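In what follows, a structure is listed as structure tokens, so that the remarks can point back to it.
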Amino acid sequence: MKEILQYLFDHQTLSKAQAKSVLLEIAKNIFNEIEVTAFVSVFLMRSITMEELEGFVEALQQLAPNINLENDGLIDIVGTGGDGKDTFNISTLAALVVAAAGQPVAKHGNYAASAVSGASNVLELLGYRFKKTEEQLKRDLEKSNFCYLHAPLFHTSLKNIAPMRKNLGLKTFFNLLGPLINPARPHYSVIGVANLEIARLYQYLLQKKNQHFLLVHSLDGYDEVSLTGDTKLITSHGEKVCTARSLNPQPVRAENLYGGATPEKAAEMFYQILSGKGTEAQNAVVATNAALALETAGQHGDYAQCLELAYKTLSDGVALQNFKKLIQ
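Mapping of the sequence shown onto the numbering used here: residues 1475 to 1802, in sequence order.
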């Protein structure tokens, strides 16, 4: 590790092969916590390159099992996190709405690394039991059109660095890897990114994989559609900037998106919104993100129809009833 660190401290970047090799060695617990923290810290001081990102992704895909859920329509809705905005769990709620609206979801997530509450925190607090085998995940899909892949169960090689990430309390390059290493390898991905530089890296990488994707970045810094300002949308076919009003006429302010001070408060808010009892602003943000995912899957009409379907799924209690099937 000393040679690699010195190489990086000399302002060099890693090749794809080097990046893959280092991460494989980190996963084998060859290095101590100080060495790993130093390595991770390099990427807090400069941007990750395309080759480095690709190498890290290949390493984790090699280490994780390949989960075959025998479903070509799977979609994942996920964000990089690390935007520092402390929002409620928008992408997870949107994923549950999408599943209840008829599009199968294989969501990949984790406990919060730098936020108050991640997808795994809130789902666990609400009674969801994490599944590990293909059979268990398929049963969840059959019951509710939704399955959840809790990252630590599938990326066990990284368990030794989880405490380090939590202690750092900062976004690291691991935030960037999560959306790209779903073991179910869904055909469609909606990925929220915290800045446009990351969006470009994802765009190039996903285009190489020939994957159907939508990258979402709110220009005021959110890794999802916040409706607090303009949003950049990027697909394999092109990109555009949408005003908040063009996506949803409901006014939304930053304070409307606050997710709570504790995981318990976050879970309480999550359930209230899923029950159709959220504020107009909360419902609007969830429905908008769900609608974009439904549109990306291409089976539910145009954006206006998808937005109407998302709202109806939320307000009619369909999303809540579908979630209850999942936790029974």
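C-beta: ideal position from N, C-alpha, C; glycine also.
Remember, predicted model here, so these are calculated numbers, not experimental data.
*Starting from residue 1617 and walking both ways along the alpha helix (DSSP H), at which residues does that stretch end?*
Start at 1 with the first residue of the sequence shown, and residue 1617 comes out as number 143. Residues 1608-1618.
*Confirm, please, whether the CB-CB distance from residue 1608 to residue 1541 is below 7 Å.*
For this step, residue 1541 is matched to residue 67 along the sequence shown. For this step, residue 1608 is matched to residue 134 along the sequence shown. Closer than 7 Å, so yes.
*Three or more beta-carbon pairs under 8 Å between the stretch 1620-1629 and the stretch 1669-1685, yes or no?*
no
_What does the alpha-carbon distance come out to for the pair residue 1490 and residue 1533?_
For the purposes of this step, residue 1490 is identified with residue 16 of the sequence shown, where counting begins at 1. For the purposes of this step, residue 1533 is identified with residue 59 of the sequence shown, where counting begins at 1. When rounded, the distance between both Cα atoms is 10 Å.
*If you run the structure through DSSP and keep just helix, strand and coil, what is residue 1805?*
Residue numbering for the chain in the displayed model covers 1475 to 1802; residue 1805 lies beyond these limits and cannot be assessed.
*Report yes if the C-beta distance between residue 1552 and residue 1653 is below 7 Å; otherwise report no.*
Taking the sequence shown and counting its residues from 1, the one referred to as residue 1552 is at position 78. Taking the sequence shown and counting its residues from 1, the one referred to as residue 1653 is at position 179. Yes, the Cβ-Cβ distance between residue 1552 and residue 1653 is below 7 Å.
*Closest to residue 1600 by CA distance: which of 1782, 1746 and 1775 is it?*
The residue given as residue 1600 occupies position 126 in the sequence shown. Closest option to residue 1600, Cα to Cα, is 1746.
*Are residue 1571 and residue 1764 closer than 7 Å when you measure CB to CB?*
As a working note, residue 1571 is residue 97 in the sequence shown. As a working note, residue 1764 is residue 290 in the sequence shown. Closer than 7 Å, so yes.
*Under the three-state reduction of DSSP, which class applies to residue 1664: helix, strand or coil?*
If you number the sequence shown from 1, residue 1664 lands on position 190. Strand.
*Does the separation of the CB atoms of residue 1753 and residue 1728 fall below 7 Å?*
Position 279 of the sequence shown holds residue 1753. Position 254 of the sequence shown holds residue 1728. Contact: no.
*Just the C-alpha distance for residue 1568 and residue 1477, rounded to the nearest angstrom, thanks.*
Along the sequence shown, one-based indexing puts residue 1568 at 94. Along the sequence shown, one-based indexing puts residue 1477 at 3. The alpha-carbon atoms of residue 1568 and residue 1477 are separated by roughly 45 Å.
_Check whether residue 1646 and residue 1699 have beta carbons under 7 Å apart_ = Here residue 1646 refers to the residue found at position 172 of the sequence shown. Here residue 1699 refers to the residue found at position 225 of the sequence shown. Not a contact, by the Cβ cut-off of 7 Å.
_Reference residue 1583; option with closest CA among 1604, 1577 and 1574_ = Here residue 1583 corresponds to residue number 109 of the sequence shown, with the count starting at 1. If we check each option's Cα against that of residue 1583, 1604 comes out closest.
*Closest residue to residue 1651 among 1482, 1497 and 1484 (Cα-Cα distance)*: Walking along the sequence shown from the start, residue 1651 turns up at place 177. Cα-wise, what sits closest to residue 1651 is 1497.
*Give every residue of the same chain whose Cβ lies closer than 8 Å to the Cβ of residue 1774, excluding the five residues on either side of it in the sequence, and list them in chain order.*
Along the sequence shown, one-based indexing puts residue 1774 at 300. For residue 1774, where only same-chain residues beyond five positions count, the Cβ hits under 8 Å are 1575, 1576, 1577, 1768, 1780 and 1783.
*asked:* Once the 5 residues before and after residue 1564 are set aside, which same chain residues still bring their CB inside 7 Å of it?
replied: In the sequence shown, counting from the first residue as 1, residue 1564 sits at position 90. Correct list, in chain order: 1698, 1759, 1760 and 1763.
*For residue 1550, is the classification buried or exposed, using 16 other Cβ atoms within 10 angstroms of its Cβ as the cut-off for buried?*
The residue labelled residue 1550 in the question sits at position 76 within the sequence shown. Buried, since its Cβ has 16 or more Cβ neighbours within 10 Å.
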